[in-house]
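Undergrad: Protein chains in written order, with my numbering: chain A, 51 to 449; chain B, 212 to 568.
Where a beta carbon is used, it is the ideal one built from N, C-alpha and C, also for glycine.
Since this is a predicted model, take the numbers as computed values, not measurements.
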Amino acid sequence: MRRLSAVGLLTLAMAVWSCGNSGGGGGAALAGPPLTVGALFDLSGATADVGTPFASGVRDYWNWKNKHGGVAGGRQVILEWHDYAYQVPQAEQFYSQFVADKAVAIQGYGTADTNALRDKIVADKVPYTSLSYDAALTDPTKFPYNFVPGTSYSDQLEIALNWIVAQSPGHNEVAFFHSNSPFGTSPVADGRKYITDKHLDIGFSTYAMASDPTALTAQVTQAKQTQNAKYVIIQNIPKGGAAVAKNVASLGGGMKLICLNWCTNEVYIKTAGDMSEGTVGIAPWLPVNVAGRDAPALKDPIASLRARGGDVTVEGGLYSQAWLQSSLVAHAIDQAASSGQPTGESIRAAFEKISNFDTGGIAVGNISFSATNHQGLQGAVICVVKDGKWIKLEGKQLP
Amino acid sequence: MLAPGHRVSDRPETAVGRRPLVYLRMGLAVALVAAAPLILHTLGFLGLVREAFWLTVLCQIGIAVIGAVGLNLLTGASGQISLGQGGFLAVGAYTSALLVTRFGVPWPVSMVGAILLTSAVGTFFGLPSLRLSGLYLAIATVASQAIILYLVKNWDAVTHGVGSVVVPRPWLLAIRLDNDLAWYWVIASAAALAVVTATNLMRTGIGRAWIAVRDQEVAAAAVGVRVGAYKLLAFAVSSAYVGLAGALTAQYTGIVTWERFTFDVSVLYLAMIIIGGLGSVSGSVYGATFMIALPAWIQQLGQSVEDTFPVITAKLPAVQLGVFGLVIVVFLIFEPRGLARTRQRINVSFRPWPFRA
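#1: If we count the other Cβ atoms within 10 Å of its Cβ and call it buried at 16 or more, is Met237 (chain B) buried or exposed?
#2: Give a yes or no on whether 8 angstroms exceeds the smallest Cβ distance from Pro83 (chain A) to chain B.
#3: What would DSSP say about Gly429 (chain A), mapped onto helix, strand or coil?
#4: Can you tell which of A:Pro337, A:Ser94, A:Gly241 has its C-alpha closest to the C-alpha of Gln285 (chain A)?
#5: Using beta carbons (cut-off 8 angstroms, strictly below), is Thr410 (chain B) in contact with chain A?
#6: Does the distance from the C-beta atom of Gly454 (chain B) to that of Gly303 (chain B) stay below 8 angstroms?
#7: Examine chain B for any beta-carbon lying closer than 8 angstroms to the beta-carbon of Gln147 (chain A), and answer yes or no.
#8: What three-state label does DSSP hand Arg471 (chain B) in the structure shown?
#9: Would you mind giving the Cβ-Cβ distance between Pro337 (chain A) and Gly303 (chain A), rounded to the nearest angstrom? I have them listed as a contact below 8 angstroms.
#10: The stretch 279-293 of chain A: which residues have C-beta closer than 8 angstroms to a C-beta of chain B, in chain order?
#11: DSSP three-state call for Asn212 (chain A): helix, strand or coil?
#12: My parser needs the alpha helix (DSSP H) runs of 4 or more residues fully inside the stretch 308-395 of chain A; what are they?
#13: Strictly below 7 angstroms CB to CB, what residues from chain B border Ser94 (chain A)?
#14: If you count every other CB in all the chains shown that lies within 10 Å of the CB of Trp440 (chain A), and 16 or more means buried, which is it?
#15: My understanding is that Leu443 (chain A) touches Gln428 (chain A), with C-beta atoms under 8 angstroms, so please give their C-beta distance in whole angstroms.
#16: Mind checking whether Ile332 (chain A) and Ala430 (chain A) have CB atoms under 8 angstroms apart?
#17: Any contact of the stretch 397-407 of chain B with the stretch 181-192 of chain A, i.e. 3+ C-beta pairs under 8 angstroms?
#18: Can you list, in chain order, the residues of its chain with a C-beta nearer than 8 angstroms to that of Ala279 (chain B)? Leave out the 5 residues immediately preceding and following it.
#19: Select from A:Glu316, A:Asp344, A:Ala399, A:Gly220 the residue whose C-alpha is nearest the C-alpha of Asp99 (chain A).
#20: So is Ile432 (chain A) in contact with chain B if we call contact Cβ pairs under 8 angstroms?
#21: How many Å lie between Arg356 (chain A) and Ala347 (chain A) at the Cα?
#22: Helix, strand or coil, according to DSSP, for Val373 (chain B) in the structure here?
#23: Exposed or buried, which one is Asn365 (chain B) when buried takes at least 16 other CB atoms within 10 Å?
#24: Starting from the Cα of Ser491 (chain B), find the closest Cα among B:Pro379, B:Arg313, B:Val516, B:Val407 and give me that residue.
#25: Any C-beta of chain A sitting closer than 8 angstroms to the C-beta of Gly533 (chain B)?
#26: Within 10 angstroms of its Cβ, does Arg556 (chain B) collect 16 or more other Cβ (buried), or is it exposed?
#27: For Glu142 (chain A) and Leu167 (chain A), what's the separation of their Cα atoms in angstroms?
#28: Rounded to a whole number of angstroms, what is the C-alpha to C-alpha distance between Arg548 (chain B) and Leu489 (chain B)?
#29: Who are Val435 (chain A)'s beta bridge partners in DSSP?
#30: Would Thr329 (chain B) and Phe446 (chain B) qualify as a contact pair, given that the criterion is a beta-carbon distance under 8 angstroms?
#31: Should Glu452 (chain A) be flagged as near chain B, meaning a C-beta pair shorter than 8 angstroms?
#32: Closest by CA to Gly158 (chain A), which one among A:Tyr183, A:Ala293, A:Ala173, A:Lys152?
#33: Here's the rule I'm using: 16 or more other beta-carbon atoms within 10 Å means buried, otherwise exposed. How should Pro506 (chain B) be labelled?
#34: Is it true that the stretch 261-271 of chain A meets the stretch 286-298 of chain A, where meeting means three or more beta-carbon pairs spaced less than 8 angstroms apart?
#35: Among the residues of its own chain, which have a CB less than 6 angstroms from the CB of Val434 (chain A), if the five just before and after it don't count?
#36: Can you name the residues of chain B whose CB is closer than 9 angstroms to the CB of Ala162 (chain A)?
Right under this line is the structure:
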């Protein structure tokens, strides 16, 4: 009984301690009470290698912004963030929490959950940016509150197909390796339609990547020997892309790898090692080396990343991308506040008025939205991995 | 027949003096369930808890209770180990969601449809129990889980594959069920119904036949219990409960994805009934409450220490998983018969109060 009472006391103490609202910023309210912005990250799930540096970028940005004057005339921002481990049910649960805590904007994450939350986002009128560049999300009639700060996966696939056709005229066999999720299948339908509409001479086969590496070997072998593919387009995060690169290398190479945006980053080079050499990348957001170290948009994020002890050569690109995307949200809140209290609807209207938001050299162009266009960037830069670094291969390409 | 010297009224469950206590307990339970939102609101008003979060947790507990009661009837009462819970939940959820979205069926009818279809599927996957038992049956039910999940993920035309089925918010007699409080009443009523029917079922001949099959299958057959039929009946009835839980999940969350019905879920439900108490309906309730509230509480704890111990928040999913496993092991060591037995022991120790500490 005595042993139990000590345990009981400890539990009681922890229970009392734990019953409190979540942590968060909230400094001195200068011009009004703090605003809440919600954020979903994948820190422990399937896309954690991209999610982790991205999450650091978003969190550090809002900390920095709070220290440098806040938003909407001096108001602090409480970033309520959760790790949803790329599970849609978790995302949906955290979304309810964001709405209950009256978030004025949400920085979402994945294709599956952003699509699944569509009806709720419209009903709750919360402007929602996402890491998902799914083409469906850019349709304002279906997703009026969603804003995609990038070039859609479908556009990226079309750019890749154009590049392939330019590289080798005649018939080309293309193997499309994608993550077995809505994120992976997002551009497939549009890609096939593009091939038929433009009468491209391309044999297009899709391979849903199994998570088991030995099964991946079988799929790569099938692509190489049965389909005789010379080009492999990868729609996956660096971990998946590296797995494909390693399998292709172990089978003797002979296939050109083309990464769409989520493996066109330094994390891919680090994960794939030497096998990444020669991979082509479709980049709406530029890797640090391609943007150039003196790109204006890199100054603040790189300083912040160095201050927290991060590895600039690996995380720099994704971290600055996150920094800039968060500053886009801050900008929209500021614009909305200039004409009254920032609410979900007014921030959405502010988003739609954003024109040529300066991306300071780290994206293919400036970000623009309108009432009929919710896709922020158009086109992408084509890069290639040479000597362990991304370098520019061709300038801005449009689909 | 009772031996001479033992009167019917000596047995605790029929002794007249105990009756009022049973009704008192039932009344207290109903009062607690009815007052829970009010208690939560007061605590939230005082700033002690996040009301919205815990209301969601209560709704999830309600659904888990229904599923756990079903599984307990199968594994606890009838002795048929089943690790296919996730798959049957998926059948119930997708059936209800697809009936509503594709065929425009009213949602209560879709729930009935889900119950019936899950029951049929459960009976089909229960056929191995006629030949297998124990560990071998467990493996066979793992196969059912894998088959169902594979069908769900690849039958694109019907289930949208790895995408999601979005269910519109249902209406109940002019009230739109789009907030947690409304759902709480619906789910609590369904859970109460499930608990009452299961308790009564255990008192009928069917329940006694199940216990006989669990304890001594050969003796039960010798006495005249049709073992095969009762095993299949156990699968059918259990799957009906699980189908209801799945259908409620679909309607309550509004989004049906395969990720909610993985093998982890089967293990979670098994943990619920082990920790709650095998074979006991009230044990299912305790187990479900415990296993849902614990990770939620750890998450709130992790968030509140975020500023002082950011390391813990960063590794929160790992901490949750670790605590989950530890709890199961601790229970199996110290209280293998679960929380229901703990409650019994508390009752027993209070009986001579205040004459004994």
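TA: In terms of the structure at hand:
#1: On the second sequence, residue 237 (chain B) is found 26 positions in, with the first residue counted as 1. Its Cβ having fewer than 16 others within 10 Å, Met237 (chain B) is exposed.
#2: Here residue 83 (chain A) is taken as the residue at index 33 of the first sequence, counted from 1. Cβ-Cβ to chain B under 8 angstroms: no for Pro83 (chain A).
#3: Here residue 429 (chain A) refers to the residue found at position 379 of the first sequence. Coil, per DSSP.
#4: Within the first sequence, numbered from 1, the residue matching residue 285 (chain A) stands at position 235. The option with the nearest alpha carbon to Gln285 (chain A) is A:Gly241.
#5: Taking the second sequence and counting its residues from 1, the one referred to as residue 410 (chain B) is at position 199. False, the Cβ-Cβ gap to chain A never drops below 8 angstroms.
#6: Position 243 of the second sequence holds residue 454 (chain B). Position 92 of the second sequence holds residue 303 (chain B). In this structure, Gly303 (chain B) lies closer than 8 angstroms to Gly454 (chain B) by Cβ.
#7: Translated into positions along the first sequence, residue 147 (chain A) becomes position 97. Chain B, which has a Cβ nearer than 8 angstroms to the Cβ of Gln147 (chain A), makes this yes.
#8: Against the second sequence, residue 471 (chain B) aligns to sequence position 260. Of the three classes helix, strand and coil, the one that applies to Arg471 (chain B) here is helix, per DSSP.
#9: Taking the first sequence and counting its residues from 1, one reaches residue 337 (chain A) at position 287. Taking the first sequence and counting its residues from 1, one reaches residue 303 (chain A) at position 253. Contact doesn't hold; Cβ gap of about 23 angstroms is too wide.
#10: none
#11: Position 162 of the first sequence, counting from 1, holds the residue named residue 212 (chain A). In this structure, Asn212 (chain A) counts as helix in the three-state DSSP scheme.
#12: 316-322, 338-341, 349-357, 362-387
#13: Numbered from 1 along the first sequence, position 44 holds the residue referred to as residue 94 (chain A). Result: Pro528.
#14: Looking up residue 440 (chain A) in the first sequence gives position 390. The residue in question, Trp440 (chain A), is buried, as its Cβ has 16 or more Cβ neighbours within 10 Å.
#15: Locating residue 443 (chain A) in the first sequence gives position 393, counting from the first residue. Locating residue 428 (chain A) in the first sequence gives position 378, counting from the first residue. Actually they do not touch by this definition, with Cβ atoms about 19 angstroms apart.
#16: On the first sequence, position 282 is the one that residue 332 (chain A) refers to. On the first sequence, position 380 is the one that residue 430 (chain A) refers to. The answer is yes: Cβ separation under 8 angstroms.
#17: no
#18: In the second sequence, the residue the question calls residue 279 (chain B) occupies position 68. Result list for Ala279 (chain B): Tyr480, Met483, Ile484, Gly487, Ser495, Val496, Gly498, Ala499, in chain order.
#19: Residue numbering aside, residue 99 (chain A) sits at position 49 when the first sequence is read from its first letter. Residue A:Glu316 is the option with its Cα nearest to Asp99 (chain A).
#20: Here residue 432 (chain A) corresponds to residue number 382 of the first sequence, with the count starting at 1. No, its Cβ sits nowhere closer than 8 angstroms to a Cβ of chain B.
#21: One-based indexing of the first sequence puts residue 356 (chain A) at position 306. One-based indexing of the first sequence puts residue 347 (chain A) at position 297. Roughly 15 angstroms separates the two Cα atoms.
#22: Here the question's residue 373 (chain B) lines up with position 162 in the second sequence. Note: Val373 (chain B) maps to coil in three-state DSSP.
#23: Locating residue 365 (chain B) in the second sequence gives position 154, counting from the first residue. Exposed: under 16 other Cβ atoms inside 10 Å.
#24: As a position in the second sequence, residue 491 (chain B) is number 280, starting the count at 1. Looking only at B:Pro379, B:Arg313, B:Val516, B:Val407, the smallest Cα-Cα distance to Ser491 (chain B) is reached by B:Val407.
#25: As a working note, residue 533 (chain B) is residue 322 in the second sequence. Interface with chain A (8 angstroms Cβ-Cβ cutoff): Gly533 (chain B) is excluded.
#26: As a first step, residue 556 (chain B) must be located in the second sequence, where it is residue number 345. So Arg556 (chain B) counts as exposed.
#27: Along the first sequence, read from residue 1 onward, the residue named residue 142 (chain A) stands at position 92. Along the first sequence, read from residue 1 onward, the residue named residue 167 (chain A) stands at position 117. One C-alpha to the other measures close to 7 angstroms.
#28: Taking the second sequence and counting its residues from 1, the one referred to as residue 548 (chain B) is at position 337. Taking the second sequence and counting its residues from 1, the one referred to as residue 489 (chain B) is at position 278. Between Arg548 (chain B) and Leu489 (chain B), the C-alpha separation is close to 7 angstroms.
#29: Residue 435 (chain A) sits at position 385 when you count from the first residue of the first sequence. BP columns for Val435 (chain A) point to A:Trp440.
#30: What you label residue 329 (chain B) is simply residue 118 of the second sequence in a count that begins at 1. What you label residue 446 (chain B) is simply residue 235 of the second sequence in a count that begins at 1. Going by C-beta atoms, Thr329 (chain B) is not nearer than 8 angstroms to Phe446 (chain B).
#31: Nothing in the structure corresponds to residue 452 (chain A), since chain A is present only between 51 and 449.
#32: Taking the first sequence and counting its residues from 1, the one referred to as residue 158 (chain A) is at position 108. Of A:Tyr183, A:Ala293, A:Ala173, A:Lys152, the residue nearest in Cα terms is A:Tyr183.
#33: Taking the first residue of the second sequence as position 1, residue 506 (chain B) is located at position 295. Counting other Cβ atoms within 10 Å of its Cβ, Pro506 (chain B) reaches 16 or more and is therefore classed as buried.
#34: yes
#35: Position 384 of the first sequence, counting from 1, holds the residue named residue 434 (chain A). Within the same chain, Val434 (chain A) has close Cβ partners Val330, Leu443.
#36: By one-based count along the first sequence, residue 162 (chain A) stands at place 112. The contacting residues are Val373, Gly374, Ser375, Thr468, Glu470.
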